[in-house]
Every structure is written in C-alpha cells, then in structure tokens.
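Participant:
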Amino acid sequence: MFSYILTSTNHPATWRTQVSGVMGSTSLACWIVLLMPQLIEQWRLKSAEGIAIGFISIWFMGDLFNLAGAIWAGLLPEVVFLAVWFCIADFLMIFSYVYYTKIYPKKHHHKKKRHSSGHHHHHHHEEEGEERPLLHRRRSSTLTDIAMEPEYHSVFVKYVLPILFVVACGILGFFISGSAENDDRVDIPENGGDEKIKLGPQVMGYLSALLYLGARIPQIIQNHQRKSVHGLSLLFFLFSTLGNLTYAAQILFYRSDWKYVLLNMSWLLGSLGTIFEDSIIFLQFYIYRESNESSIEDDFP
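Here the sequence shown stands for residues 1165 to 1465, numbered as in my numbering.
See below:
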C-alpha cells in the first residue's frame, strides 16, 4: 500500500506535490477507518456470514508482505506503524469472524435452551401473551422501517456523511502536519537512479499487490453463490475504493516519468486492480438488493 514517495528529504512544494499530498493524506484517513464499518456491521448482526474467510485471510497475508516491504525499503516510521495497524485491524476482523461463527452461536444456543425451558413455567399468563404479539409486531415493523428506510437523508447519514468526514479529516491532517509548505518525499534522479530500485521491497510490493487482487475473488464468488450481500458493509467498500483512488492519484500527481511510475507499478496495479474488483462487488450490491432487504426483515423478526 505504500510507494516510494513516502521516504524522506525536503524539497519546495509545487502544485503537483500539494495535490499529491492532499490525496495521500485522504487515502491515509480512509485506510485508518477502513475495516471499522465491517466490524460494526458484524457486531450489529451478531454474525460474520457475509464476509468470506478467504477474503480476510488473503488480505491479511497481503498486509504482512506490505509490512515486510515497508521495513525492508526503510520507509518512514509512521508508514511502518500504519502497516502494523493494518495487520492489527486484520487480526480483529479474523477474530470477529471466528467469534461470530464458532463461539457466539454456541453461547446463544445455550441461552435459547434456558429461555425455552423457562418459558413453559410461565404459559399461564394469558393476558401478557395476548399483548406481547402486538408489541412484538409494532417493534418489528419499526425496526424494519428504520433498517430499510429508502429516503435520501438515510443514504446521506449512512454513506455520504461518513465519507465527507473522513475526506475532511484527511485534508485537515495534511495542512496541520505542515506538509503544505514543504514536500517531505524523495525525488528520484532522472539519470543514474537505478540504485534507488531495491529488488527486495519490489518483490514484497508485487506479492502484496497480487494478494490484494486475489483477496476479493473469494468474496465475489461467495456473494454469487449466496445470491446475497447481506452481512457486508457497503461503506467498507466505498472507503476501499476512495482510498485506492486517492492513493493512485497521490503517486501519479507527484511524478509521471516512466522510471518513477515503474518504481511504483506494483502499488498502482494493486490499487487500480482492486478498484475494478470492488466495482464488481458494487454491482452485486445492486443485483442482490432485494435479497438484502428480505434478509434485513429476517434480522428483525
């Protein structure tokens, strides 16, 4: 996820480096919060059935190679720390998957058995029994209406507002950090710069890019097999797309000569290829939207 523009030394800022810096800071903000919507979605549903274990496992491997490449290339400490954060977030996602697929169902099943046995001792409360279905129907209807609210303000609150907030934080972070006055990133000489291209980090970068590209495939297949995207957070994929777009823009705005682009090709392929795969998942969100709505009704019986 990190290119060679994130190494050090000072150069006067130009409009291209300014735009590159804003894009990079926005991308960074997206990566920091990337997995939060999916973790919240799994907590809300008390289920991880929507996410493919192959997706998060391969992604985790990609982040490990990304971390190895960042350390090997001698990138800035904050870049390495962010790569570590990615690995921690991946671990939280894997833990959430294991918890909601293995541990939580057993605990929940045990509680349901106790509730079921206790229910037989209270069957004589007839009035309460008559009122409860009505209350239950009202509660179910209300929750379903909230979950399926089609109005524009609901879309704004769920998706547009969080994206605007993250973008604003990224831009604000760029100017607060003082990067607007000086460009902290390395300039690769036009001639005789071959020593800048280290084979090891490049190999790590390409392996990481391949894993990021491969990670979406199990998720796309699972969505197709289930004919549903229930349990997936749309905001998660929106953050991913925005993060990859601004990341690629960060690289290309900084410089566009062939040597520089070649040096960052692995990261560009990983980002732009992932955007293409995310577009397939967006299409699945559209195709399976009716199935998703019926699943929401099932969540609030």
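Ideal Cβ positions, reconstructed from N, Cα and C, are used throughout, including at glycine.
1. Looking only at its chain, what residues have a beta carbon closer than 6 Å to the beta carbon of residue 1375, apart from the 5 residues adjacent to it on each side?
2. Since I believe residue 1411 is in contact with residue 1191 (beta carbons under 8 Å), could you give me their beta-carbon distance rounded to a whole number of angstroms?
3. Using CA coordinates, which residue listed in 1245, 1265, 1202 is at the minimum distance from residue 1228?
4. Could you tell me the distance, in whole angstroms, from the CA atom of residue 1181 to the CA atom of residue 1341?
5. Is the separation between the beta-carbon of residue 1384 and that of residue 1409 shorter than 8 Å?
6. For residue 1254, which residues from the same chain have a beta carbon less than 7 Å from its beta carbon, with the 5 sequence-adjacent residues on both sides left out?
7. On the criterion of 16 or more Cβ atoms from any shown chain inside 10 Å, does residue 1442 qualify as buried, or is it exposed?
8. According to DSSP, is residue 1388 part of a helix, a strand, or is it coil?
9. Cβ of residue 1435 within 8 Å of Cβ of residue 1338?
10. Who are the Cβ neighbours of residue 1210 in its own chain at under 7 Å, not counting the five residues just before and after it?
11. So what's residue 1108 in DSSP terms, helix, strand or just coil?
12. Ordered along the chain, which non-local residues of its own chain (more than five positions away) have a Cβ less than 6 Å from that of residue 1400?
13. May I have the straight-line CA-CA distance separating residue 1215 from residue 1367, to the nearest angstrom?
14. Helix, strand or coil: which one does DSSP assign to residue 1239?
15. Give me, in chain order, the residues of the same chain whose beta-carbon lies closer than 6 Å to that of residue 1300; leave out the 5 immediate sequence neighbours on both sides.
16. If you check the beta carbons only, do residue 1415 and residue 1186 fall under 8 Å apart?
17. Is DSSP giving residue 1272 helix, strand or coil here?
18. Measuring from the CB of residue 1329, is there a heavy atom of the ligand SAM at a distance below 7 Å?
19. May I ask which residues mark the beginning and end of the alpha helix (DSSP H) holding residue 1449?
20. Measuring only the C-alpha atoms, how far is residue 1179 from residue 1418?
21. Within 8 Å of any Cβ in chain C, is that where the Cβ of residue 1236 sits?
Facilitator: So, from the listed chains and residues:
1. Stepping through the sequence shown from its first residue, residue 1375 is reached at position 211. The answer, listed in chain order, is 1222, 1225, 1226.
2. Looking up residue 1191 in the sequence shown gives position 27. Looking up residue 1411 in the sequence shown gives position 247. Yes, they are in contact, since the Cβ atoms of residue 1191 and residue 1411 sit about 4 Å apart, within 8 Å.
3. Residue 1228 sits at position 64 when you count from the first residue of the sequence shown. Among 1245, 1265, 1202, the Cα nearest to that of residue 1228 belongs to 1245.
4. Your numbering for residue 1181 matches position 17 in the sequence shown. Your numbering for residue 1341 matches position 177 in the sequence shown. So the two alpha carbons sit approximately 15 Å from each other.
5. For this step, residue 1384 is matched to residue 220 along the sequence shown. For this step, residue 1409 is matched to residue 245 along the sequence shown. Cβ distance not < 8 Å, so residue 1384 and residue 1409 don't count as in contact.
6. Sequence index remark: in the sequence shown, residue 1254 carries index 90 (1-based). Around residue 1254: 1220, 1223, 1224, 1227.
7. By 1-based counting over the sequence shown, the position of residue 1442 is 278. Answer is buried; the Cβ neighbour count reaches 16.
8. Sequence index remark: in the sequence shown, residue 1388 carries index 224 (1-based). In this structure, residue 1388 counts as helix in the three-state DSSP scheme.
9. In the sequence shown, the residue the question calls residue 1435 occupies position 271. In the sequence shown, the residue the question calls residue 1338 occupies position 174. No, the Cβ-Cβ distance between residue 1435 and residue 1338 is not below 8 Å.
10. Position 46 of the sequence shown, counted from the start, is the residue given in the question as residue 1210. The residues are 1264, 1268.
11. One cannot answer for residue 1108 here, as it falls past the ends of the chain, which runs 1165 to 1465.
12. Indexing the sequence shown from 1 puts residue 1400 at position 236. Around residue 1400: 1201, 1202.
13. As a first step, residue 1215 must be located in the sequence shown, where it is residue number 51. As a first step, residue 1367 must be located in the sequence shown, where it is residue number 203. Straight-line Cα distance between these residues: approximately 29 Å.
14. Stepping through the sequence shown from its first residue, residue 1239 is reached at position 75. The answer is coil: DSSP assigns residue 1239 none of H, G, I, E or B.
15. If you number the sequence shown from 1, residue 1300 lands on position 136. Here residue 1300 scores only 48 on pLDDT, less than 50, and its place in the model should not be relied on; the value that follows carries that caveat. Cβ neighbours of residue 1300 beyond the five flanking positions: none.
16. Here the question's residue 1415 lines up with position 251 in the sequence shown. Here the question's residue 1186 lines up with position 22 in the sequence shown. Going by C-beta atoms, residue 1415 is not nearer than 8 Å to residue 1186.
17. Counting from one through the sequence shown, the residue named residue 1272 turns up at place 108. It is helical.
18. As presented, the structure is devoid of all ligands, the ligand SAM included, so that no description of it is given.
19. Here residue 1449 corresponds to residue number 285 of the sequence shown, with the count starting at 1. Unbroken alpha helix (DSSP H) run through residue 1449: 1429-1451.
20. The residue you call residue 1179 lines up with position 15 of the sequence shown. The residue you call residue 1418 lines up with position 254 of the sequence shown. Their Cα atoms are separated by approximately 9 Å.
21. Given the protein chain composition of this structure (a single chain), no chain C is represented.
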